[in-house]
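Protein chains in written order, with full-length UniProt numbering: chain D, 1 to 227; chain A, 1 to 227. What follows is one structure encoded as structure tokens, with my remarks underneath.
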DNA sequence: CGGCTTCTTGAGCCATGTCAATCCCGGTGG
DNA sequence: CCACCGGGATTGACATGGCTCAAGAAGCCG
């Protein structure tokens with residue numbers, strides 16, 4: 001289960017230029033960093049706070065596609081299409097630094113190995129996404145949520161935060177959308193997790209009590225689809 | 001619904017070097033091109049026949065992750081991890097041409113814009129996968145299968161084959177695994193599609209009768225998860 | 001024609017979506 | 001400081017989609 005970090009959690013810290021950027025932007029809760037379909041202008045590195053990326057399909061409801069926390073790079077999935085494939089909404093007060101399209105071009109020209117590194121990361125990402133989402137497809141609500149918390153725990157750990165106690169700015173219904181479940185199911189399942197002393201949730205603060213238990217739940221394949 | 005092509009269907013035809021390769025390999029049904037966890041040795045371009053890529057999670061059942069048809073490039077998701085993240089199994093007699101790791105390096109060095117192009121494709125891919133899988137997460141069996149056939153139809157069209165009549169070498173249970181459904185559900189749902197004259201299936205040959213109807217089904221969000 | 005695998009069909013049950021009521025919490029105004 | 005209000009969260013009752021188990025039909029190859 002090495003690949004549990006979620007979508008935008010690319011390990012690009014090793015690209016120093018990314019940290020030199022001086023352009024900072026501040027957003028308040030519910031403000032957007034960019035809108036779906038807006039032309040690609042650059043990448044964003046989250047400094048503090050968090051955001052969700054929401055995509056609306058042809059006449060469907062908006063889906064929460066990704067959750068970005070400090071250290072995450074946002075906008076990578078806009079490089080190919082050349083427009084942002086979803087709207088980025090601040091979940092709380094948020095600061096990001098901007099890496100403009102032009103700057104990316106310069107950097108790519110100067111250091112080809114940077115682009116190579118980016119390729120690697122993207123390739124890794126394709127694989128991670130596939131693996132995560134395909135296994136979610138086969139899991140029940142319990143499995144999906146367990147997976148979600150294990151993944152979040154791993155992500156916080158990699159970022160240097162506590163892997164067992166953290167705050168998720170996502171609402172229950174965001175989590176539901178992210179996992180393909182209804183709010184009610186999320187809520188009920190969380191209640192069960194707490195009864196079983198797997199974790200403690202108060203509002204948006206979570207405390208993992210039994211990570212191994214959650215991992216076991218996440219791996220014990222839920223029932224859907226045998227082959 | 002521009003992004004309906006499936007995982008490995010990258011539009012890399014514009015990279016001419018890929019077609020110059022002389023190294024051909026032939027495999028018979030059920031033989032494998034590479035095994036999961038084998039070190040990355042190169043990419044493969046499918047010439048004829050088809051294959052499925054299957055990943056086994058930590059102690060789970062194997063999941064069908066991708067289906068590759070002639071013109072598809074296989075192995076892109078191995079670049080990042082440097083090992084193949086799944087086993088590639090021939091579904092029928094199969095010929096591929098090999099693009100070795102070394103050759104990729106050379107090409108990348110000669111033509112930097114090629115690598116850039118690869119980046120774009122990978123980025124696009126991240127987005128496509130996300131979109132497809134997240135929306136599958138929210139759909140019922142009907143929606144998933146409809147989506148699947150619409151996607152396949154689009155893929156065959158892009159490859160220059162008939163978009164309404166094609167053969168899928170995948171078994172019902174492969175399709176189920178790919179979509180997160182059981183064989184039985186796939187079978188029953190296909191039966192309903194035929195009653196409603198949306199398509200005709202005989203064995204592994206499919207004939208789309210009402211593509212618009214399928215698109216409508218695929219888009220009319222199945223019920224799971226409202227937000 | 002027999003043996004294998006794949007596909008289809010049926011009956012029953014459980015998980016989860018739906019609908020609806022209530023609760024909780026944070027903010028706002030009196 | 002308290003009453004009110006609104007959005008999110010929880011909980012309950014119910015309906016149903018899809019998984020399970022099981023049997024049979026249809027291909028496929030010898």
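Even for Gly, the Cβ is constructed at its ideal location relative to N, Cα and C.
If you check each beta-carbon in the region 188–219 of chain A against every beta-carbon of chain D, the ones closer than 8 Å belong to 219.
Pairing residue 199 of chain A with residue 156 of chain A gives a Cβ-Cβ distance that is not under 8 Å. Exposure of residue 26 of chain D is indicated by the presence of fewer than 16 other C-beta atoms within 10 angstroms of its C-beta. Residue-level contact by beta carbon holds for residue 57 of chain D and chain A, with a gap shorter than 8 Å. Contacts with chain A (Cβ-Cβ distance below 9 Å) from the region 117–131 of chain D involve 118, 119, 120, 121, 122, 123, 124, 125, 126, 127, 128, 129, 130, 131, listed in chain order.
Of the residues A:64, A:121, A:80, the one whose Cα lies closest to the Cα of residue 82 of chain D is A:121. With fewer than 16 other beta carbons inside 10 angstroms of its own, residue 203 of chain D counts as exposed. For the region 119–181 of chain A, the continuous alpha helix (DSSP H) assignments of 4+ residues that do not extend past its boundaries occur at 141–158, 172–179, in sequence order. Of all residues in the region 54–84 of chain D, the ones placed with a Cβ closer than 7 Å to any Cβ belonging to chain A are 55, 57, 58, 59, 60, 61, 63, 65, 76, 77, 79, 80, 81, in chain order.
The C-beta of residue 39 of chain D comes no closer than 8 Å to any C-beta of chain A. Judged by beta-carbon spacing, residue 175 of chain A lies beyond the 8 Å limit of residue 211 of chain A, meaning their Cβ atoms are not closer than that value. Chain order gives no chain A residues near residue 101 of chain D, where near means a beta carbon separation below 8 Å; the closest approach is about 13 Å. Residue 50 of chain A is outside the set of residues whose beta carbon lies under 8 Å from a beta carbon in chain D.
DSSP, read as helix, strand or coil, puts residue 208 of chain D in strand. At a cut-off of 8 Å between beta carbons, residue 91 of chain D makes no contact with chain A. Sixteen is the threshold: since fewer than 16 other Cβ atoms of the shown chains lie within 10 Å of the Cβ of residue 167 of chain A, the residue is exposed. Interface annotation, residue 179 of chain A: in contact with chain D, CB-CB separation under 8 Å.
Under a criterion of Cβ atoms nearer than 8 Å, the residues of chain A adjacent to residue 135 of chain D are, in order, 57, 60, 63. For residue 115 of chain A, the chain D residues whose Cβ falls inside 7 Å of its Cβ are 115, 116, 119, in order along the chain. By alpha-carbon distance to residue 132 of chain A, the top candidate from D:64, D:52, D:188 is D:64.
With fewer than three CB-CB distances shorter than 8 Å, the region 94–102 of chain D does not count as touching the region 90–110 of chain A. Taken through DSSP and simplified to helix, strand or coil, residue 185 of chain A comes out as helix.
Taking a C-beta distance under 8 Å as the contact criterion, residue 87 of chain A and residue 40 of chain A do not qualify as a contact pair. Per the DSSP secondary-structure output, residue 191 of chain A pairs with nothing in a beta bridge.
Inclusion of residue 119 of chain D and residue 115 of chain A in the CB contact set at 8 Å is warranted, their separation being smaller than that value.
Think of a sphere of 9 Å around the beta carbon of residue 163 of chain D: no beta carbon from chain A falls inside it, the nearest being about 19 Å out. The beta carbon of residue 177 of chain A sits closer than 7 Å to the beta carbons of 63, 64 from its chain, once the five residues preceding and following it are set aside; these are given in chain order.
Secondary structure of residue 86 of chain A (DSSP, three-state): coil. Going by beta carbons, residue 179 of chain D and residue 137 of chain D fall outside the 8 Å limit. For residue 105 of chain A, the enclosing alpha helix (DSSP H) begins and ends at 101–110. Annotation for residue 41 of chain D: no beta strand (DSSP E) segment contains it, and DSSP assigns it neither H nor E. When DSSP states are grouped into helix, strand and coil, residue 196 of chain A belongs to the coil group. With fewer than 16 other beta carbons inside 10 angstroms of its own, residue 59 of chain D counts as exposed.
Collapsing the DSSP output to three states places residue 91 of chain D in coil. Excluding its 5 nearest sequence neighbours in each direction, residue 70 of chain A has C-beta neighbours in its own chain below 7 Å: 46, 47, 48, 159, listed in chain order.
Rounded to the nearest whole angstrom, the C-alpha separation of residue 51 of chain D and residue 129 of chain D is 19 Å.
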